[in-house]
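**Student:**
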Amino acid sequence: HDFRTLWNVVDHSRKVDYNVRPEKGEVLAHEAQLVEVQYVDSSNQRAFPSEKVSRCRAMLWERYEEFQHGGAVRKRHHGFRLVVATESGHKSLSSFVHLLGADSPLNFEFITDAAAHGTTAMVIRIREEHRQCRILLVFRDMDSRQALYNKLNGIDVKERETIVGKMALTG
Numbered sequence: 031h032d033f034r035t036l037w038n039v040v041d042h043s044r045k046v047d048y049n050v051r052p053e054k055g056e057v058l059a060h061e062a063q064l065v066e067v068q069y070v071d072s073s074n075q076r077a078f079p080s081e082k083v084s085r086c087r088a089m090l091w092e093r094y095e096e097f098q099h100g101g102a103v104r105k106r107h108h109g110f111r112l113v114v115a116t117e118s119g120h121k122s123l124s125s126f127v128h129l130l131g132a133d134s135p136l137n138f139e140f141i142t143d144a145a146a147h148g149t150t151a152m153v154i155r156i157r158e159e160h161r162q163c164r165i166l167l168v169f170r171d172m173d174s175r176q177a178l179y180n181k182l183n184g185i186d187v188k189e190r191e192t193i194v195g196k197m198a199l200t201g
């Protein structure tokens, strides 16, 4: 019985460790330390603790797919893989993974809670065939939340890009 328990703990730790590593065709796009996370999955209640969990790490992996075109191998964007894992010092090591932006639009909302000392958060809602998930990500500040939003929407300024002008549109 003790060996089986130890085996399950090690196996679970391996799965969490595997989730935070890049898969084939992925590049780390963004990483953020989160103040709190709350995850609700309608089909798997035990996937992640149901109460708010503090000190988690979010990793956003940009997925590419390679294809042949014009005699060359090219890459194209194929969505993101969001991984959220508890830190190693947490009493229960847990993680969850979702693919975002490949087949469906991103359903999210920004929350700034004045009652909780101006906590800055983002709620992501995911609908799949047989389940619905709700992810509450609480950030340290607005800049951290905005950086994740910019990556998810592809509006961040890349390495060899510059903004040459900004304007407001009225119609």
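The sequence shown begins at 31 in the working numbering and counts up one residue at a time.
Positions of the beta carbon are idealized from the N, C-alpha and C atoms, including for glycine.
On a CA-only basis, which of V113, S174, S134, I193 is nearest L165? Give me that one, please.
**Tutor:** The sequence position of residue 165 within the sequence shown is 135, counting from 1. According to the sequence as given, residue 165 is Ile; it is not Leu. Closest option to I165, Cα to Cα, is V113.
**Student:** If you pair each beta-carbon of the segment 49-61 with each one of the segment 174-184, do three or more pairs fall below 8 angstroms?
**Tutor:** yes
**Student:** Would you mind giving the Cβ-Cβ distance between S125 and N49, rounded to the nearest angstrom? I have them listed as a contact below 8 angstroms.
**Tutor:** If you number the sequence shown from 1, residue 125 lands on position 95. If you number the sequence shown from 1, residue 49 lands on position 19. Yes, S125 and N49 are in contact; Cβ-Cβ is about 5 angstroms, under 8 angstroms.
**Student:** With DSSP run on the structure shown, which of helix, strand or coil describes M89?
**Tutor:** If you number the sequence shown from 1, residue 89 lands on position 59. Strand, per DSSP.
**Student:** Which of helix, strand or coil does DSSP assign to M152?
**Tutor:** As a working mapping, residue 152 is identified with position 122 in the sequence shown. Strand, per DSSP.
**Student:** Going by the CB atoms, is the gap between A151 and V127 shorter than 8 angstroms?
**Tutor:** For the purposes of this step, residue 127 is taken as the residue at position 97 of the sequence shown. For the purposes of this step, residue 151 is taken as the residue at position 121 of the sequence shown. No, the pair does not count as a contact, with Cβ atoms beyond the cut-off.
**Student:** Counting only runs that start and end within the segment 32-66, where is the alpha helix (DSSP H) found for 4 or more residues in a row?
**Tutor:** 32-49
**Student:** Could you give the DSSP three-state label for S174: helix, strand or coil?
**Tutor:** In the sequence shown, the residue the question calls residue 174 occupies position 144. Reduced to three states, the DSSP call for S174 is helix.
**Student:** For the structure I just gave you, are there three or more beta carbon pairs, one from the segment 101-110 and one from the segment 128-137, closer than 8 angstroms?
**Tutor:** The answer is yes - the segment 128-137 touches the segment 101-110, with three or more Cβ pairs under 8 angstroms.
**Student:** For L182, name the three-state secondary structure that DSSP assigns.
**Tutor:** Here residue 182 refers to the residue found at position 152 when the sequence shown is read from its first residue. The answer is helix: DSSP assigns L182 an H, G or I state.
**Student:** Would the segment 70-78 and the segment 155-162 be scored as touching if the rule is three or more Cβ pairs under 8 angstroms?
**Tutor:** yes
**Student:** Mind checking which residues open and close the beta strand (DSSP E) that includes R104?
**Tutor:** In the sequence shown, counting from the first residue as 1, residue 104 sits at position 74. Segment 102-116, the beta strand (DSSP E) holding R104.
**Student:** Using 10 angstroms around the beta-carbon of F97, count the other beta-carbons present and answer buried if the total reaches 16, otherwise exposed.
**Tutor:** As a position in the sequence shown, residue 97 is number 67, starting the count at 1. With a threshold of 16 other beta carbon atoms within 10 Å, F97 falls short and is exposed.
**Student:** When we look at the beta-carbon of T200 and count the other beta-carbons within 10 Å, is it buried (16 or more) or exposed?
**Tutor:** Taking the first residue of the sequence shown as 1, we reach residue 200 at position 170. Around the CB of T200, fewer than 16 other CB atoms lie within 10 Å, so the residue is classed as exposed.
**Student:** Kindly indicate the opening and closing residues of the beta strand (DSSP E) around F126.
**Tutor:** The residue you call residue 126 lines up with position 96 of the sequence shown. Segment 125-130, the beta strand (DSSP E) holding F126.
**Student:** From the DSSP output, in three-state form, read off N137 for me.
**Tutor:** For the purposes of this step, residue 137 is taken as residue 107 along the sequence shown, with counting starting at 1. Note: N137 maps to strand in three-state DSSP.
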